[in-house]
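One structure is given here, and the rest of the page talks about it.
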Amino acid sequence: ASGVAVPWALKAHAVLAQDWGVAADVWSVPSWTELRKDGLAAEAHNLFEPTGERRVPYVTTRLEGQAGPVVAVSDYMHALPDLIRQWVPSDFATLGTDGFGMSDTRGALRRHFLVDAESIVCRTLLSLAERGEIEREVVREAGYRWRPEPQVWSSSWAAATPRPCRQRSSGQPTAAGSRSSPCTVRR
């Protein structure tokens, strides 16, 4: 986790242990970009010094031998933690706040973008189920408990899910409770 996402990850860590019996570690990432630069530098060294000592990116050395999947959480776009994907020696999933134009409470925004503690729990459980380490029913139960947005269950869940709309007095559709969110008019 990075930045303001660290407390959300710490809360998810506690919930995973207490409610689901899942042991997890929380790692703080001061800079995804610096980790990427380090990975690229290691690759360049290995390319131009093939007979020299092989360099291993820092993130690889830190995560090598760690059990379980890696769920990276950022209060920025998914693309930021994805910068290090190729050097993570485990299953890797990202959570981020792709999008803009939202005007709501911080808690509602974290839930909308699926970066709150409950969504981190659900994504971690899904990663474990994908590895065959827990039953998929556990993931379903967690999803029903917190009701994150439906896209958490799809492999392309970063895409927006159409939501029911209501009509404004001007006849223009609006998402329930929001004027700026895209939506689908249902008749």
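So the numbering used here is basically just the index in the sequence shown, starting at one, shifted up by 1301.
Glycine included, each C-beta is placed from N, C-alpha and C at the ideal position.
Since this is a predicted model, take the numbers as computed values, not measurements.
Checklist entry - With respect to the alpha helix (DSSP H) encompassing residue 1360, which residues constitute its N-terminal and C-terminal limits? => result As a position in the sequence shown, residue 1360 is number 59, starting the count at 1. Looking at the DSSP string, the run of the alpha helix (DSSP H) that includes residue 1360 is 1359 to 1364.
Item to check | residue 1331 classed as buried or exposed, judged by whether at least 16 other C-beta atoms fall within 10 angstroms | outcome: Position 30 of the sequence shown, counted from the start, is the residue given in the question as residue 1331. So residue 1331 ends up on the exposed side.
Next on the checklist: As an exercise, report each continuous alpha helix (DSSP H) stretch of at least 4 residues that is fully enclosed by the stretch 1319 to 1393, in chain order.
Outcome noted: Taken in chain order, the complete alpha helix (DSSP H) segments of 4 or more residues contained in the stretch 1319 to 1393 are 1333 to 1349, 1359 to 1364, 1380 to 1383.
Next on the checklist: On the criterion of 16 or more Cβ atoms from any shown chain inside 10 Å, does residue 1370 qualify as buried, or is it exposed?
Outcome noted: If you number the sequence shown from 1, residue 1370 lands on position 69. Flag for residue 1370 reads buried.
Item to check | Same chain only: Cβ atoms within 6 Å of residue 1365, ignoring 5 sequence neighbours per side | outcome: Indexing the sequence shown from 1 puts residue 1365 at position 64. Correct list, in chain order: 1390.
Checklist entry - Can you list, in chain order, the residues of its chain whose CB lies under 6 Å from that of residue 1346, leaving out five sequence neighbours each side? => result As a working mapping, residue 1346 is identified with position 45 in the sequence shown. Closer than 6 Å at the Cβ level, and outside the excluded window around residue 1346, lie 1356.
Checklist entry - Which same chain residues, not among the five before or five after residue 1418, have their C-beta less than 7 Å away from its C-beta? => result For the purposes of this step, residue 1418 is identified with residue 117 of the sequence shown, where counting begins at 1. Taken in chain order, the residues that qualify are 1309, 1312, 1313, 1316.
Checklist entry - Quick one: Cα of residue 1405 to Cα of residue 1427, how far? => result Residue 1405 sits at position 104 when you count from the first residue of the sequence shown. Residue 1427 sits at position 126 when you count from the first residue of the sequence shown. Cα-Cα distance, rounded: 28 Å.
Item to check | Helix, strand or coil at residue 1395 according to DSSP, with G and I counted as helix | outcome: Here residue 1395 corresponds to residue number 94 of the sequence shown, with the count starting at 1. Strand.
Next on the checklist: Cutting at 8 Å between CB atoms, please list the residues of its own chain near residue 1445, excluding the five before and the five after it.
Outcome noted: Counted from its first residue, the sequence shown places residue 1445 at position 144. Same-chain partners within the cutoff: there are none.
Item to check | residue 1303, enclosing alpha helix (DSSP H) - first and last residue | outcome: Walking along the sequence shown from the start, residue 1303 turns up at place 2. Here residue 1303 belongs to no alpha helix (DSSP H), and DSSP marks it neither H nor E.
Checklist entry - Between which two residues does the alpha helix (DSSP H) harbouring residue 1442 extend? => result By 1-based counting over the sequence shown, the position of residue 1442 is 141. Element bounds for residue 1442: 1437 to 1447.
Checklist entry - Distance, Cα to Cα, residue 1438 vs residue 1307? => result Your numbering for residue 1438 matches position 137 in the sequence shown. Your numbering for residue 1307 matches position 6 in the sequence shown. C-alpha separation (whole angstroms): 28 Å.
Next on the checklist: Given a cut-off of 8 Å on the beta-carbon distance, is the pair residue 1305 and residue 1336 in contact?
Outcome noted: Residue mapping note: residue 1305 aligns to position 4 of the sequence shown, counting from 1. Residue mapping note: residue 1336 aligns to position 35 of the sequence shown, counting from 1. No, these two residues do not count as a Cβ contact at 8 Å.
Item to check | From 1432, 1385, 1372, residue whose alpha carbon lies closest to that of residue 1420 | outcome: Stepping through the sequence shown from its first residue, residue 1420 is reached at position 119. When each option's Cα is compared against that of residue 1420, the closest is 1372.
Checklist entry - When burial is assigned at 16 or more other CB atoms within 10 Å of the CB, is residue 1322 buried or exposed? => result Here residue 1322 refers to the residue found at position 21 of the sequence shown. Exposed, since its Cβ has fewer than 16 Cβ neighbours within 10 Å.
Checklist entry - residue 1334 and residue 1384 look like a contact to me (Cβ under 8 Å); what is the Cβ gap, rounded to whole Å? => result As a first step, residue 1334 must be located in the sequence shown, where it is residue number 33. As a first step, residue 1384 must be located in the sequence shown, where it is residue number 83. 7 Å between Cβ atoms; contact.
Next on the checklist: Tell me the rounded alpha-carbon separation between residue 1343 and residue 1442.
Outcome noted: As a position in the sequence shown, residue 1343 is number 42, starting the count at 1. As a position in the sequence shown, residue 1442 is number 141, starting the count at 1. A straight-line Cα-Cα distance of about 42 Å links residue 1343 and residue 1442.
Checklist entry - Exposed or buried, residue 1398, counting other C-beta atoms within 10 Å across all chains shown (16 or more means buried)? => result Here residue 1398 is taken as the residue at index 97 of the sequence shown, counted from 1. Residue 1398 is buried by the Cβ-count criterion.
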